[in-house]
Amino acid sequence: MTITQFNYVLALDKFKNFTKAAKACNVAQPTLSMQINKLEKELGVIIFNRESKPLKKTKIGKKLINQIKLVITETSKIKKTKEFYIDMFSKKLSIGISLGFESIVNYLPIKKLNNHNTIKIIEDKKNKLLNYLIKEDLDFLITDKPKNSIDLISIPFYYEPLMVLIPEKLKKNYNKKITLNDISPLDMIIQAKSNNLTKSIYNIFRNKKFKKNIISSNLDTIIKLSDRGMGLSIIPYLKVQELSDSIKKNIHHFKSPYPAREICFVYKKTNLKKDYILEILEIIKNELKKENFFSDVKII
0 MTITQFNYVL ALDKFKNFTK AAKACNVAQP TLSMQINKLE KELGVIIFNR ESKPLKKTKI
60 GKKLINQIKL VITETSKIKK TKEFYIDMFS KKLSIGISLG FESIVNYLPI KKLNNHNTIK
120 IIEDKKNKLL NYLIKEDLDF LITDKPKNSI DLISIPFYYE PLMVLIPEKL KKNYNKKITL
180 NDISPLDMII QAKSNNLTKS IYNIFRNKKF KKNIISSNLD TIIKLSDRGM GLSIIPYLKV
240 QELSDSIKKN IHHFKSPYPA REICFVYKKT NLKKDYILEI LEIIKNELKK ENFFSDVKII
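So the sequence shown is residues 0 to 299, counted in numbering that gives the first Met the number 0.
Here is the structure:
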């Protein structure tokens with residue numbers, strides 16, 4: 000039995016006439032008759048009483064037609080779901096990245112996402128992106144752990160160590176591997192307090208006073224100024240991987256356990272792309288494993 004045969008049966012039930020039913024189905028009348036006969040033989044029952052004028056359903060035919068209607072309805076749902084997903088996945092994927100986590104872009108599987116016409120990456124403040132996520136203007140967000148929400152799922156997937164850039168002129172004051180207690184906040188320059196990294200630094204040093212004569216919202220600017228000797232700066236591990244070798248030689252690890260920040264993958268519970276975006280998370284995690292994966296960390 001086939002869906003086509005079921006549609007022929009429903010057409011005949013509607014029009015009570017083989018010729019009209021065949022016309023509605025865009026097939027020849029003998030074809031429609033043959034397929035309905037074939038279905039009846041397969042089921043071992045007569046669906047229509049062909050002797051009656053107009054055509055009537057048999058008693059069992061009524062029950063079968065009611066069941067056929069349910070099957071066609073469910074089949075239609077399957078088609079609509081398929082079409083919805085094809086349409087949904089062919090249009091765009093919207094990714095949010097909270098300020099301070101921009102380096103994660105290097106680990107997004109962009110090549111594997113090329114089946115999308117548009118990959119939209121939005122970098123902005125965390126709270127703004129969370130609002131986008133709840134409104135379903137984003138598919139997922141990469142950020143630090145948000146406050147508990149009944150609407151969102153948050154999955155920690157990487158603990159990123161923080162490192163310190165010590166310019167040549169200040170190196171004599173510090174060992175290669177240092178502790179947080181070794182650092183004087185007054186030697187440091189930091190970003191404006193507008194993102195996760197800056198908040199993490201304030202947490203590390205318990206809101207001590209920092210150099211206030213240099214303030215920038217751009218981490219790259221802070222790194223350049225720090226490398227030129229203007230002060231120490233705290234740099235996330237993934238950002239360090241982007242730096243030139245000349246700057247990397249001034250990067251120092253903290254002693255173990257490394258101070259680190261938790262990076263989370265956040266999405267809305269009701270997102271229809273849930274399975275798909277979780278596949279993306281697994282790809283990102285595998286990409287990060289190619290980097291140094293740190294287990295001896297202290298989340299700050």
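Heads up, the beta-carbon is just placed ideally off N, CA and C, and yes, glycines get one too.
In this structure leucine 271 is exposed. Its beta-carbon is surrounded by fewer than 16 other beta-carbon atoms within 10 angstroms. The count of Cβ pairs closer than 8 Å, one atom from the segment 257–265 and one from the segment 129–145, reaches three, so the stretches are in contact. With a beta-carbon spacing of about 17 Å, arginine 260 and glutamate 122 fall beyond the 8 Å limit used to define contacts. Taking C-alpha positions only, threonine 74 is separated from leucine 9 by approximately 14 Å. Taking 8 Å as the cut-off, the beta carbon of glutamate 50 is found no closer than this to the beta carbon of methionine 0.
Restricting attention to Ile118, Leu38 and Gly95, the CA atom closest to the CA of isoleucine 67 is found in Leu38. Distances from the CA of lysine 273 to each of Leu92, Cys24, Asn6 and Tyr157 were compared; the closest alpha carbon is that of Leu92. Boundaries of the beta strand (DSSP E) harbouring aspartate 123: 117–123, taken from the DSSP string.
The segment 48–62 and the segment 92–107 do not touch, with fewer than three beta-carbon pairs separated by less than 8 Å. Nearest to valine 104 by alpha-carbon distance, out of Asp295, Lys284 and Lys297, is Lys284. Our two residues, isoleucine 189 and tyrosine 275, have alpha carbons roughly 38 Å apart in a direct line. Assignment of arginine 227 by DSSP, reduced to helix, strand and coil, places it in the helix class.
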